[in-house]
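Q: What follows is a structure written as structure tokens; I'll ask about it next.
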Amino acid sequence: MATITNKKQYPSEQYLNELITNMEFAARAPVEVVRAMAAELQKRRKADSAEPVAWRYRTTDINGNPNPRWSFSEEPSLLGLYQPLYADPQQPLSFPDAMEPTVEAIKRVLPTSNPDEYAVCIGADMWNACRTAMLNGGKS
Numbered sequence: 001m002a003t004i005t006n007k008k009q010y011p012s013e014q015y016l017n018e019l020i021t022n023m024e025f026a027a028r029a030p031v032e033v034v035r036a037m038a039a040e041l042q043k044r045r046k047a048d049s050a051e052p053v054a055w056r057y058r059t060t061d062i063n064g065n066p067n068p069r070w071s072f073s074e075e076p077s078l079l080g081l082y083q084p085l086y087a088d089p090q091q092p093l094s095f096p097d098a099m100e101p102t103v104e105a106i107k108r109v110l111p112t113s114n115p116d117e118y119a120v121c122i123g124a125d126m127w128n129a130c131r132t133a134m135l136n137g138g139k140s
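Each step along the sequence shown adds one to the number in full-length UniProt numbering, with nothing skipped, and position 108 is 108.
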């Protein structure tokens with residue numbers, strides 16, 4: 001399975017540290033970078049405050065040695081060793097660099113004063129719609 005990434009969506013640690021510590025640098029940051037970071041933070045906060053969706057547990061033998069196999073349950077009150085399991089937040093999707101010509105074409109036809117932001121959003125929507133159709137195998 002291929003991983004879809006876009007370097008523009010995932011800034012380096014050095015870039016993030018500069019963004020956090022330098023106010024002048026942060027003021028010049030592209031809107032899409034700040035928006036992506038805020039969305040990721042919001043998803044992580046939501047996931048951190050979530051309730052467990054299930055528990056995995058393993059029983060012990062008469063001597064207290066844990067069974068090597070884990071079992072799953074929806075009940076939190078289990079005997080033996082158990083761990084809560086949480087839903088993982090969906091990772092942010094981004095479009096690959098191959099979409100850049102599409103974004104540029106969209107920017108040329110937009111009659112707005114700030115076409116960059118709108119073109120990126122429209123391009124991402126188009127990309128995600130195509131990706132969803134591929135993942136669904138054409139079934140809507």
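Note that the Cβ used here is the ideal one computed from N, Cα and C, for glycine as well.
Specify the secondary structure class of residue 161 as computed by DSSP and reduced to three states.
A: Nothing can be reported for residue 161: it is not among the residues displayed for the chain, which extend from 1 to 140.
Q: State the DSSP-derived secondary structure class of residue 70, mapped to helix, strand or coil.
A: Along the sequence shown, read from residue 1 onward, the residue named residue 70 stands at position 70. Coil at residue 70, not helix or strand.
Q: Looking only at DSSP bridge pairs, what is residue 60 linked to?
A: In the sequence shown, counting from the first residue as 1, residue 60 sits at position 60. For residue 60, which the question treats as bridged, DSSP gives the partners 66.
Q: Can you look up residue 174 in the DSSP assignment and give me helix, strand or coil?
A: Outside the shown range of the chain (1 to 140) lies residue 174, about which nothing can therefore be said.
Q: Classify residue 64: buried if its beta carbon has 16 or more other beta carbons within 10 angstroms, exposed otherwise.
A: Position 64 of the sequence shown holds residue 64. Under this definition residue 64 is an exposed residue.
Q: Per the DSSP calculation, residue 54 is bridged to which residue(s)?
A: Sequence index remark: in the sequence shown, residue 54 carries index 54 (1-based). Its beta-bridge partners are 85.
Q: Taking the alpha carbon of residue 121 as the point to measure from, which residue in 28, 26, 14, 33 has its own alpha carbon closest?
A: For the purposes of this step, residue 121 is identified with residue 121 of the sequence shown, where counting begins at 1. With distances taken between Cα atoms, residue 121 lies closest to 33.
Q: By the 10 Å Cβ neighbour count, where 16 or more other Cβ atoms means buried, how is residue 15 classified, buried or exposed?
A: Position 15 of the sequence shown, counted from the first residue, corresponds to residue 15. Under this definition residue 15 is an exposed residue.
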